[in-house]
Amino acid sequence: MGGDWANWLGPAEWQAVRLSVRVAFWATVVSLPLGIFVAYALARWNFWGKQLLNGIVHLPLILPPVVTGYLLLSTLGRRGPVGEVLDAWFGIVLSFRWTGAAVAAAIMAFPLMVRAIKLAIEAVDPKLEAAASTLGASRAWVFTTVTLPLILPGIIAGSILAFAKAIGEFGATITFVSNIPGQTQTIPSAIYAFLQVPGGQEQATRLVIIAIVIAMAALLLSEYLARRVAQRVAGS
Numbered sequence: 016m017g018g019d020w021a022n023w024l025g026p027a028e029w030q031a032v033r034l035s036v037r038v039a040f041w042a043t044v045v046s047l048p049l050g051i052f053v054a055y056a057l058a059r060w061n062f063w064g065k066q067l068l069n070g071i072v073h074l075p076l077i078l079p080p081v082v083t084g085y086l087l088l089s090t091l092g093r094r095g096p097v098g099e100v101l102d103a104w105f106g107i108v109l110s111f112r113w114t115g116a117a118v119a120a121a122i123m124a125f126p127l128m129v130r131a132i133k134l135a136i137e138a139v140d141p142k143l144e145a146a147a148s149t150l151g152a153s154r155a156w157v158f159t160t161v162t163l164p165l166i167l168p169g170i171i172a173g174s175i176l177a178f179a180k181a182i183g184e185f186g187a188t189i190t191f192v193s194n195i196p197g198q199t200q201t202i203p204s205a206i207y208a209f210l211q212v213p214g215g216q217e218q219a220t221r222l223v224i225i226a227i228v229i230a231m232a233a234l235l236l237s238e239y240l241a242r243r244v245a246q247r248v249a250g251s
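In terms of my numbering, the sequence shown has 193 at position 178, counting the first letter as 1, and numbering is strictly consecutive.
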């Protein structure tokens, strides 16, 4: 049975699955600290340009993904203003690399992460934070000991939703890093490639099933972990 399951996907399909998980994992992990910071700023701080920042954060949800990919290629590509500096000074190349796919996936998933964490922060009573501050605790200590434990369900939900979104990202990724088997070909781009060749529908169908399973598992896990953390927080 185990051998049958291992052989259900061909080498190219397994390669796409492994790369998709790798890209989604790093896209989520690297963007999480910034996501928490931005969500907290939008939920708690009043500053000039707040609505502009909110609009920029959520812009990838509105823009066509291909437009986002083109902007990434124009900015972070080897001939882009930022990409040229990264290449010349640090030897970092993002375009047509799996790391670029992770960047594209992170940007596309970032709004979902921020929104979930922001809602969790807004649900925390500011009086709890104010009470800790009156006892002499610093803002960082208040966030670490009071706010962070209370918003853990939102952080977990946002992270898993971002992971699922990153797994399924296609437009921005294929525009920025192309569709190179073994290097940048994730599940969505592999499905697209298989559908372009005769007899590739069966392989595409198997990857579609994998994508659905991963997405549903991510959603169910997000709900389960969020409930567990919420129960622990309420119990304490």
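All C-beta atoms in this analysis are idealised placements derived from N, C-alpha and C, irrespective of residue type, glycine included.
Among the options, the one whose alpha carbon lies nearest that of residue i
i, options, result
"Ala117", "Arg242, Gln30, Trp60 and Val45", "Val45"
"Phe185", "Phe178, Pro203, Ser35 and Phe191", "Pro203"
"Trp104", "Leu167, Ser110 and Arg93", "Arg93"
"Ala233", "Leu86, Pro48, Ile182 and Ala120", "Ile182"
"Glu72", "Arg59, Arg154, Pro79 and Leu127", "The sequence shown places Val at residue 72, rather than the Glu named in the question. Measuring from the Cα of Val72, the nearest candidate turns out to be Leu127."
"Leu49", "Phe191, Glu217, Gly197 and Ser174", "Ser174"
"Pro79", "Gln246, Arg243 and Ala187", "Ala187"
"Ile166", "Ala145, Ile136 and Ala172", "Ile136"
Spatial neighbours of residue i in its chain, beta-carbon cut-off 7 Å, leaving aside the 5 residues before and after
i, result
"Ile51", "Ile132 and Ile170"
"Ala219", "Ile206, Phe209 and Leu210"
"Ala39", "Ala120, Phe178, Ala181 and Ile182"
"Ser110", "Leu88, Leu91, Gly92, Arg93, Gly98, Phe191 and Val192"
"Val53", "Val72 and Val129"
Beta-carbon separation (whole angstroms), residue i vs residue j, contact threshold 8 Å
i, j, result
"Pro168", "Ala241", "4 Å"
"Thr201", "Leu34", "6 Å"
"Trp113", "Gln198", "6 Å"
"Gln66", "Pro196", "Not quite, the Cβ-Cβ distance comes to about 43 Å (not below 8 Å), so this is no contact."
"Leu57", "Leu68", "7 Å"
"Val32", "Ile189", "The Cβ separation is near 17 Å, so there is no contact."
Contact set for residue i: own chain, Cβ-Cβ below 6 Å, skip 5 residues either direction
i, result
"Ala177", "Thr43, Ala124, Leu127 and Met128"
"Thr90", "Val97"
"Leu60", "The sequence shown places Trp at residue 60, not Leu. Same-chain partners within the cutoff: there are none."
"Ile77", "none"
"Gly115", "Leu109, Phe191 and Val192"
"Leu101", "Ile107"
Assigned exposure category for residue i - 16 Cβ within 10 Å defines buried
i, result
"Lys180", "buried"
"Phe191", "buried"
"Val228", "exposed"
"Trp20", "Residue placement at Trp20 cannot be trusted, given a pLDDT of 49 that sits under 50; what the coordinates show is reported in the next sentence. Burial call: exposed."
"Pro75", "buried"
"Thr83", "buried"
"Ala138", "exposed"
"Ile107", "exposed"
"Ala172", "buried"
"Thr149", "exposed"
"Ser153", "exposed"
Neighbourhood of residue i by C-beta, 8 Å cutoff - its chain only, sequence neighbours within 5 removed
i, result
"Trp156", "Ala147"
"Val223", "Ile206"
"Trp23", "Arg221"
"Val212", "none"
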